[in-house]
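Encoded as structure tokens, the structure appears first; notes follow it.
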Amino acid sequence: MIKITFPDGSVREYKKGTTAMQIAESISPRLAQEVLAATVNDKVTGLQVPIEEDSTFKLHKWDDREAKQTFWHTSSHLMAEALQELYPGIKFGIGPSIESGFYYDVDSPEPITEADLERIEKRMLELARTDEPVECRSVTKREAMDTYTTKGDQYKTELIGDLEDGTITFYTNGAFTDLCRGPHLPSTGAIKAIKLTSVAGAYWRGNEKNKMLTRIYGITFPKKSMLDEYLVMLEEAKKRDHRKLGKELELFHFSQRVGQGLPLWLPKGAALRERLEGFLRSVQKEHGYQQVITPHIGMKDLYVTSGHYAKYGKDSFQPIHTPDEGEEFLLKPMNCPHHCEIYRVKPRSYRDLPLRFAEFGTVYRYEQSGELHGLTRVRGFTQDDAHLFCRPDQLKEEFKKVIDIVLYIFNVLKFNDYTAQVSLRDKVDREKYIGTDENWNKAESAIIEAAAEKGLKTIVEYGEAAFYGPKLDFMVKDALGRSWQLGTIQVDYNLPERFDLTYKGDDDQLHRPVMIHRAPFGSLERFVAVLLEHTAGKFPLWLAPDQAVVLPISEKYNDYAEKVSKFLNNHDIRTQVDDLNEKIGRKIRDNELKRIPFLLIVGEKEQEAGEIALRVQGEGDKGSMTMADFAAYVNKLVAEELDAARAVN
RNA sequence: GCUGUUGUAGCUCAGUGGUAGAGCACUUCCUUGGUAAGGAAGAGGUCGCGAGUUCAAUCCUCGCCAACAGCUCCA
Numbered sequence: 169m170i171k172i173t174f175p176d177g178s179v180r181e182y183k184k185g186t187t188a189m190q191i192a193e194s195i196s197p198r199l200a201q202e203v204l205a206a207t208v209n210d211k212v213t214g215l216q217v218p219i220e221e222d223s224t225f226k227l228h229k230w231d232d233r234e235a236k237q238t239f240w241h242t243s244s245h246l247m248a249e250a251l252q253e254l255y256p257g258i259k260f261g262i263g264p265s266i267e268s269g270f271y272y273d274v275d276s277p278e279p280i281t282e283a284d285l286e287r288i289e290k291r292m293l294e295l296a297r298t299d300e301p302v303e304c305r306s307v308t309k310r311e312a313m314d315t316y317t318t319k320g321d322q323y324k325t326e327l328i329g330d331l332e333d334g335t336i337t338f339y340t341n342g343a344f345t346d347l348c349r350g351p352h353l354p355s356t357g358a359i360k361a362i363k364l365t366s367v368a369g370a371y372w373r374g375n376e377k378n379k380m381l382t383r384i385y386g387i388t389f390p391k392k393s394m395l396d397e398y399l400v401m402l403e404e405a406k407k408r409d410h411r412k413l414g415k416e417l418e419l420f421h422f423s424q425r426v427g428q429g430l431p432l433w434l435p436k437g438a439a440l441r442e443r444l445e446g447f448l449r450s451v452q453k454e455h456g457y458q459q460v461i462t463p464h465i466g467m468k469d470l471y472v473t474s475g476h477y478a479k480y481g482k483d484s485f486q487p488i489h490t491p492d493e494g495e496e497f498l499l500k501p502m503n504c505p506h507h508c509e510i511y512r513v514k515p516r517s518y519r520d521l522p523l524r525f526a527e528f529g530t531v532y533r534y535e536q537s538g539e540l541h542g543l544t545r546v547r548g549f550t551q552d553d554a555h556l557f558c559r560p561d562q563l564k565e566e567f568k569k570v571i572d573i574v575l576y577i578f579n580v581l582k583f584n585d586y587t588a589q590v591s592l593r594d595k596v597d598r599e600k601y602i603g604t605d606e607n608w609n610k611a612e613s614a615i616i617e618a619a620a621e622k623g624l625k626t627i628v629e630y631g632e633a634a635f636y637g638p639k640l641d642f643m644v645k646d647a648l649g650r651s652w653q654l655g656t657i658q659v660d661y662n663l664p665e666r667f668d669l670t671y672k673g674d675d676d677q678l679h680r681p682v683m684i685h686r687a688p689f690g691s692l693e694r695f696v697a698v699l700l701e702h703t704a705g706k707f708p709l710w711l712a713p714d715q716a717v718v719l720p721i722s723e724k725y726n727d728y729a730e731k732v733s734k735f736l737n738n739h740d741i742r743t744q745v746d747d748l749n750e751k752i753g754r755k756i757r758d759n760e761l762k763r764i765p766f767l768l769i770v771g772e773k774e775q776e777a778g779e780i781a782l783r784v785q786g787e788g789d790k791g792s793m794t795m796a797d798f799a800a801y802v803n804k805l806v807a808e809e810l811d812a813a814r815a816v817n
């Protein structure tokens with residue numbers, strides 16, 4: 169007998185070899201119908217797998233991540249079964265579940281396009297209706313290898329080559345058997361709604377030197393209605409796409425004539441961006457930063473010294489030559505080398521440190537054309553950059569202060585769902601990095617400790633460090649769930665050495681400062697993009713390019729509207745007049761769609777009383793008040809928005 | 001950069017082997033209207049760019065450019 173411990177602490181006994189499904193049924197046959205996966209001793213498992221030892225045990229229904237992952241993983245096998253039937257000779261790479269759905273990478277003898285997805289879906293549904301059991305079988309490495317070598321399947325044999333004998337399992341649904349760790353649903357019948365979403369290329373094993381396989385993405389649900397809901401949700405998310413909103417709200421534009429990935433900021437976008445810059449500038453001033461300004465180009469040698477040229481030279485805009493070809497300059501791809509030169513302007517004392525040089529520095533990087541994406545990935549962008557030069561004993565404190573700034577800014581802008589990622593070296597591929605192990609270890613532990621002392625919940629990613637040092641990155645998701653790095657804080661022992669930066673210590677000796685690179689927004693471009701998607705264009709009041717618009721009932725009141733607008737602008741409220749020759753209903757509609765926070769309607773009544781009739785975006789009519797009262801009200805709201813965030817921090 | 005899809009008016013899109021259409025936006029006129037689209041008229045396009053096939057190409061073929069999805073990359 170084996171003892172099974174449930175989450176509520178209760179313990180029951182079962183025969184050895186009892187499956188998770190049987191346990192679910194023993195608790196309640198009705199419950200068992202909804203259960204999709206189980207966690208046994210902290211490992212997610214299929215319901216059909218026998219349990220051989222005492223275990224802690226938890227069942228998962230649809231809402232659990234574990235259940236969805238199992239469901240989608242089985243769905244990918246179901247798709248493979250259909251593909252195997254429809255495309256004889258097809259070979260399979262890997263087919264995992266992902267955050268929303270699943271994919272399978274295949275090498276098909278004939279091309280598979282979006283047009284084929286419907287018939288694959290159809291076949292999947294037919295197969296699912298037969299409710300085939302999914303069976304698990306342990307095999308030896310030899311047996312596994314033989315199965316695929318006879319088929320001439322280079323992909324699966326390569327995968328098996330990396331596995332340990334004794335840990336290998338095959339899963340079978342219908343005519344399809346796959347090398348797979350599981351877990352899976354007990355049978356395919358639970359899959360009731362299927363949508364194959366897209367086809368794309370993907371390199372085998374994620375290496376661009378390998379063959380490109382066809383990746384088919386899909387998502388499935390236990391109910392048709394859930395699929396419909398999902399598709400509606402996707403449509404809604406697309407409406408929040410910053411590229412769409414940027415166009416609708418006239419914030420930015422890309423011109424083919426200017427060039428790929430080179431955004432033009434339109435007046436409203438520029439206004440928004442300037443407010444963000446002004447806000448950060450004032451926060452940084454409070455924290456002892458000094459603004460500096462550096463040019464957009466620098467001698468190639470500058471980047472050879474920094475090490476950036478060796479690493480990224482070939483992926484940069486190519487050098488600009490002087491007319492006599494005597495000298496080469498690069499468009500500035502980062503600001504750090506310039507700031508290092510500012511440090512070198514004069515001898516520094518330990519008393520001067522930390523020094524904090526900040527700049528809204530525009531940089532240019534020749535990103536791969538396929539990588540460009542709205543404002544989130546561009547070829548010319550402005551970093552809210554700063555470089556801090558400190559003594560080694562100041563490093564941790566300085567780092568923690570930067571974390572404070574980042575968190576404060578995220579708070580003000582209500583980015584609560586960020587992930588803090590500690591980006592460390594790749595443990596294996598040391599070639600990618602410069603500098604000594606000793607310095608790397610110091611830098612990495614400084615970040616880990618500072619984050620821990622700040623109580624930040626972090627995830628650790630290896631191989632995500634910059635080539636000169638580890639990072640603490642703040643990742644935020646866009647409307648469609650794609651993750652973007654916004655804020656970043658990096659520790660660097662390398663550039664100070666490469667630029668031979670020194671300070672005189674209290675021992676009268678020269679010492680090496682440590683450098684912190686940091687950018688709370690990351691770049692203004694990407695930050696505005698993510699902000700747009702988070703707010704759906706309804707910016708916080710203090711940030712909105714236009715805060716209020718005055719709508720005269722008819723042209724007779726245009727003069728009064730101008731007067732109101734002037735009054736409010738004099739009271740720091742960004743106000744326009746909509747004097748279009750249209751009915752009031754029309755003007756309300758236009759300006760609601762522009763996401764203007766306050767609509768101020770003025771007609772005969774208001775003109776006589778010196779008032780405005782207030783309408784709040786998305787909330788409708790709020791009645792009348794005097795101009796002065798409205799101005800006071802708005803100014804109070806703006807102040808509260810900023811104070812509230814400060815208080816939370 | 002790679003694989004695939006797309007490219008028609010400022011925007012959103014329809015359409016055809018015989019050189020183009022809608023709605024919105026724009027201009028003018030009428031209207032002066034009280035809380036999410038008032039009416040009429042007008043103007044606007046080398047159908048992404050370049051070649052090829054054809055009597056004839058916006059439509060078919062090829063190349064390039066750009067956008068989109070994914071992969072790879074991201075100082």
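Offset between the first sequence (1-based) and my numbering: plus 168.
Virtual Cβ for every residue (Gly too), placed ideally from N, Cα, C.
Note that the structure is a prediction, hence the values are computed from the model and not measured.
Residue from the options whose Cα sits closest to the Cα of residue i
i	options	result
A188	E202, V217, S196	V217
D584	K625, L767, V682, A614	Looking at the sequence shown, residue 584 is not Asp but Asn. Selected option, being the one with the closest Cα: K625.
L592	F635, Y661, E565	F635
L402	I191, S268, G542	S268
T224	D660, W652, V212, E286	V212
A439	K468, K184, L711, E249	L711
G637	I615, R650, G623, K645	I615
P505	F447, A361, D660	D660
K734	A796, S423, Q653	A796
G788	I756, L805, D811, L575	I756
Y371	E416, E621, Y323	Y323
CB contact flag (residue i, residue j, <9 Å)
i	j	result
P279	T382	yes
D409	L761	no
T794	E779	yes
L199	A192	yes
Q252	A343	yes
Y339	E300	no
V451	I573	yes
I465	L498	yes
G655	F707	no
F567	L521	no
Outcome for residue i when other beta-carbon atoms lying within 10 angstroms are tallied against a minimum of 16
i	result
Y630	exposed
N341	buried
G538	exposed
I266	exposed
V513	exposed
I769	buried
T421	Inspection of the sequence shows that residue 421 is occupied by His rather than by Thr. H421 is exposed by the Cβ-count criterion.
A153	Residue 153 is absent from the structure shown; the chain starts at 169 and stops at 817.
P681	buried
D176	exposed
M380	exposed
T544	buried
I336	buried
R516	buried
P560	exposed
K569	buried
T238	buried
P256	exposed
6 Å CB neighbourhood of residue i in its chain, flanking five on each side removed
i	result
Y477	Y471
S366	Y385
7 Å CB neighbourhood of residue i in its chain, flanking five on each side removed
i	result
L508	Reading off the sequence shown, one finds Cys at residue 508, where the question assumed Leu. Contacts found: L663, F667, L669.
Q715	L709, I741, R742, T743, P765, F766, V802
Identified DSSP bridge partners for residue i
i	result
C304	Y339
W652	V644
D789	R783
G529	Q551
Cβ shell of residue i (< 8 Å), same chain only, five flanking positions each side left out
i	result
E220	I170, K184, G185
A270	Here residue 270 turns out to be Phe, not Ala, going by the sequence shown. Excluding positions up to five away in sequence, the list reads W240, H241, S243, S244, M247, G263, P264, Y385, G386, I387, T388.
Q619	In the sequence on display, residue 619 carries Ala and not Gln. Correct list, in chain order: I571, A588, V590, T626, L640.
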